[in-house]
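Peer 1:
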Amino acid sequence: MKNIYSNIYSFNKKSYKKTIKALKKGNIVSLPTETVYGLAGNAYSQKSINKIFNLKKRPSYNPLIIHYHDLKKTYNDIVLNKYFLKLYKKFCPGPLTFILKKNKNSRVVSSATANLRTIAIRFPNNRKIRAILKILDFPLAMPSANISSSLSPVTAYDVYEEFKNKVKIIINGGKSKVGIESTVIDLTEKPKILRPGIISSQQIKNCLKVNFSKRKSKIKSPGMLKKHYSPGIPIILGKKPSNDNYAFIVYGKKFKNKKNYFNLSKKADLTEAAANLYKTMRKIKKLGFKKIFVTKIPNIGAGIAINDRLTRASR
Ligand code: TXA
Ligand code: MG
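Residue numbers are given in our numbering: position 166 of the sequence shown equals residue 168, and the series is strictly consecutive.
1. Looking only at its own chain, which residues have a Cβ that is under 8 Å from the Cβ of Y248, when we skip the five neighbours before and after it?
2. Is the region 62 to 76 touching the region 136 to 153 in the sense that three or more CB pairs, one from each, lie closer than 8 Å?
3. Do you know offhand how far S236's Cα is from F100's?
4. Which residues does DSSP list as the beta-bridge partners of T185?
5. Taking only runs of the alpha helix (DSSP H) that begin and end inside the region 188 to 260, which ones reach a length of at least 4 residues, in chain order?
6. Who are G40's beta bridge partners in DSSP?
7. Could you round the C-beta distance between G254 and A270 to whole angstroms and report it? I think they count as a contact, below 8 Å.
8. Keeping to the same chain, check which residues put their C-beta closer than 7 Å to that of R311; ignore five residues upstream and five downstream.
9. With a threshold of 16 other CB atoms inside 10 Å of the CB of G40, please say whether the residue is buried or exposed.
10. At what residue ranges does the region 43 to 120 contain a whole run of the alpha helix (DSSP H), taking only runs of 4 or more?
11. Going by Cα to Cα distance, which pick from A275, R217 and I54 is closest to V111?
12. Are Q169 and S32 touching if we call contact CB-CB under 8 Å?
13. Going by the C-beta, is S146 closer than 7 Å to any heavy atom of ligand 2?
14. Got a sec, what are the start and stop residues for the beta strand (DSSP E) I137 sits in?
15. For E36, is the classification buried or exposed, using 16 other Cβ atoms within 10 angstroms of its Cβ as the cut-off for buried?
16. Can you check which of these residues, A42, K130 and V81, is closest to I67 by C-alpha distance?
17. Does the beta-carbon of V169, which I'm using as the reference point, lie nearer than 7 Å to any heavy atom of ligand 1?
18. Would you report the Cα separation of V156 and R314, rounded to the nearest angstrom?
19. Going by C-alpha to C-alpha distance, which of T120, K136, E163 and N259 sits closest to N64?
20. Flag H71 as yes when its Cβ comes closer than 7 Å to any non-hydrogen atom of ligand 1, and as no otherwise.
21. Compute every distance between the C-beta of T99 and the non-hydrogen atoms of ligand 1, then say whether any falls below 7 Å.
22. I need the DSSP call for F264, collapsed to helix, strand or coil.
23. Quick one: grab the DSSP three-state call for R314.
24. Classify E164: buried if its beta carbon has 16 or more other beta carbons within 10 angstroms, exposed otherwise.
25. From F13 to L135, what distance separates their C-alpha atoms?
And the structure:
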């Protein structure tokens, strides 16, 4: 059967080799991670970084996350830090991104980190991307594989929807398990969460045994400023829609099954709800609804990350 998505590849020896070859040549590919799909390029190559910013239409002031296989591969790019080492041991590979001081000798191109003195690094936990990172002698700069400010993709088909054939290789890794982007923690000063995720601030506090900084973020995470994670239709939070022509995102078992109701988790599991969030918003948009209403989601654990994304999408 002819695959209409000629750029979506299942992961096997052949596509693995093709991907490595493309990355070594400075080309951009889309890879699955446990959080969302990413748009990957050689972090040591100016040409690759330019391509990523252009493809995503990403403003140059918004730095990228640099992805590594393991700690050893980071040594030349970062300044080590005791909190980082503790969290690395506990949570990595996994959905956690660290903001650290960038090493003066780092080969990560300056524009990848938006000319900052800091660098965001992550160790994704997905068999396919780990096999790729392991063999490369450079790390991968990898933002979420969506056009800037739209919804992050959680399947290879979502990536296709964003970029069509502009990305030549999309590795199909099924649906991303976590379903929302990694937690971002700034460790350059007293620890501070810049982007909530599935690894909660409580889990991190338990591991570090320190209190977090209360400082107001002075634009520490440039990407968190504007409207973001948007399905491109209005979102109204904490309210029921006035009629059935609007979509209603619900949570928990007290809601009926109705054509315009979309339940993030019938069993009221916030982790499951997070995993279903982007998928559900994309589906609603495709079905042609003109507005999305969302019921109140408990603001604890993964609910904090869900509410963060919903609030930004509703701006
Ligand atoms: O789960 C994830 O983190 C996904 C997958 C593909 O790994 N990646 C991802 O990348 O979400 P992106 O580019 O969509 O989001 C990166 C976030 C942005 O909000 C950016 O501003 C912030 O990390 N960031 C990157 N470098 C930073 C730095 N040096 N200081 C502060 N924030 C930084
Ligand atoms: Mg993103």
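In this text, a Cβ means the ideal position worked out from N, Cα and C, and glycines have one as well.
Peer 2: Per the coordinate set shown:
1. N262, F291, K292, K293, I294 and F295
2. yes
3. Looking at the sequence itself, residue 236 is Pro, so the reference to Ser does not match. Roughly 32 Å separates the two Cα atoms.
4. L98
5. 203 to 210
6. L33 and S146
7. 4 Å
8. I182, Y231 and L279
9. buried
10. 48 to 58 and 84 to 93
11. I54
12. Note on identity: in this sequence residue 169 is Val, with Gln being the wrong assignment. Taking 8 Å as the Cβ cut-off, V169 and S32 qualify as a contacting pair.
13. yes
14. Run containing I137: none in the beta strand (DSSP E); it sits in the alpha helix (DSSP H), R129 to I137.
15. buried
16. A42
17. no
18. 18 Å
19. T120
20. no
21. yes
22. strand
23. helix
24. buried
25. 14 Å
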